[in-house]
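In what follows, a structure is listed as structure tokens, so that the remarks can point back to it.
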Amino acid sequence: MELFDAYRHCRLCPRRCGTDRTRGENKGFCGETGELRIAYVGPHFGEEPPLTGTRGSGTVFFSGCSLRCSFCQNHQISHDGIGRKFSCQELAEALKDLAVRTRVHNLNFVTPDHFLPHLERTVELIRQEGVPTPIMLNLSGYQSIEFLKISSGFTDIYLPDYKYSESRLAALLSSCPDYPRKALDAITEMVKQKGFLDAQCEGAIASKGVLARHLILPGHVENSINAITNLYLEFGSELPLSLMSQYQPLKEHKDASLNRRISIEEFERVYGHCLDLGFENLFIQFPEDNCLSVDGRSAFVPDFTSSTPFYFPGHSSVDNDGGGLLKKSHSSDFH
Ligand code: SF4
């Protein structure tokens, strides 16, 4: 079957909603038709050090999302659908420019699942142009094995979230009660394909492998503790893991605990658990680093209506999909 035919009865993500995205304005749960739409293409410096390096990561933020978490920090694109149409050729040219002129360390597709056929075609085009830059899929963790079997052919680095250990919470916040098992199975497949991230020492730049992320949600520390335990039991302490504390409420939530930032105590409980389990390749976003703001705007809340959605002091761009001020963990950092 021609890959673009997948849009006719779409089962690209585990929701398998079967929408015919080729018919007019038909959209699936992800909110997108079969036409590629993108909110932002550009370099940024907010990912983990082996991914950001010195020249940044070349990001592509796609419109829509197959997960659509109620607390999404990129709600303008995941829920509101901000973005414009792109052809594969146009995206390939923008990526070639990032790779050749800006010399970013990787090309970073952020939550791109619902556009898999366009991804495959675009990577084919840039490889034909001789661009060797590693391709990274920056994922929600809610991916099917079928998706990953296809993405394996053109992907070098996987950057998956593991958001929920609790089915109840996954159902409440992302309408996917099967997330905990589906995401563990997906990350297992990613590790089977690419191994752990290959940049282990200070200053090294990643070219291949898997780095898992977890965002701590306020009021849900047990979800985080159990998520970290699940990752440890499944992959051991060598799994490269990134612990994030940047959550901030962007709207009023029914769950009152989501209407605040995480507390230092919540962060320390989860961070302490990572240290107790002995994770050897840990990246940490410390809460005290999350308070920066520019003109009253948090550095971690992008504005996709602006030509420079991300701002970070000292750099031209930063994303908030999970990175930002991430440091390699040392036990002395724990206080
Ligand atoms: S990618 Fe979108 S249309 Fe396709 S199955 Fe998932 S939610 Fe449905």
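When you read off a place in the sequence shown, starting at 1, and then add 666, the result is the number in the numbering used here.
Note that beta-carbon positions come from the ideal geometry of N, C-alpha and C, so glycine has one too.
Compare the C-alpha of Ser831 against each of Asp969, Tyr898, His710 and Cys683 and name the closest. Tyr898
Taking the alpha carbon of Gln951 as the reference point, which residue from Cys754, Met910 and Tyr937 has its own alpha carbon closest? Met910
Have a look at Asp851 and Gly938 and give me their C-alpha separation to the nearest angstrom. 26 Å
Alpha-carbon to alpha-carbon, Asn947 and Val984: Legend: pLDDT at Val984 = 38, less than 50; position of this residue unreliable, no value from coordinates given.
Please list the terminal residues of the continuous alpha helix (DSSP H) segment that includes Thr895. Val887 to Phe901
From the DSSP output, in three-state form, read off Leu770 for me. In the sequence under discussion, the amino acid at residue 770 is Val, which differs from the Leu named in the question. If DSSP states are grouped into helix, strand and coil, Val770 belongs with coil.
Relative to the alpha-carbon of Cys940, which residue among Leu907, Ser818, Pro716 and Thr854 has its alpha-carbon at the smallest distance? Leu907
Backbone CA spacing between Asp955 and Glu713 [nearest angstrom]: 14 Å
Assigned secondary structure, Ile882 (DSSP; H/G/I helix, E/B strand, else coil): coil
Proximity of Thr777 and Ile801 at Cβ, strictly below 8 Å: no
Spatial neighbours of Glu855 within its chain, please: CB distance less than 6 Å, with the 5 preceding and 5 following residues excluded, ordered by chain position. Ile811 and Leu814
Is Ile871 helix, strand or coil by DSSP? coil
Does the separation of the CB atoms of Lys881 and Tyr808 fall below 8 Å? For the record, residue 881 in the displayed sequence is Leu; it is not Lys. Result no, Cβ atoms of Leu881 and Tyr808 do not sit closer than 8 Å.
Within the present structure, is the beta-carbon of Ser911 separated from the nearest heavy atom of the ligand SF4 by less than 7 Å? no
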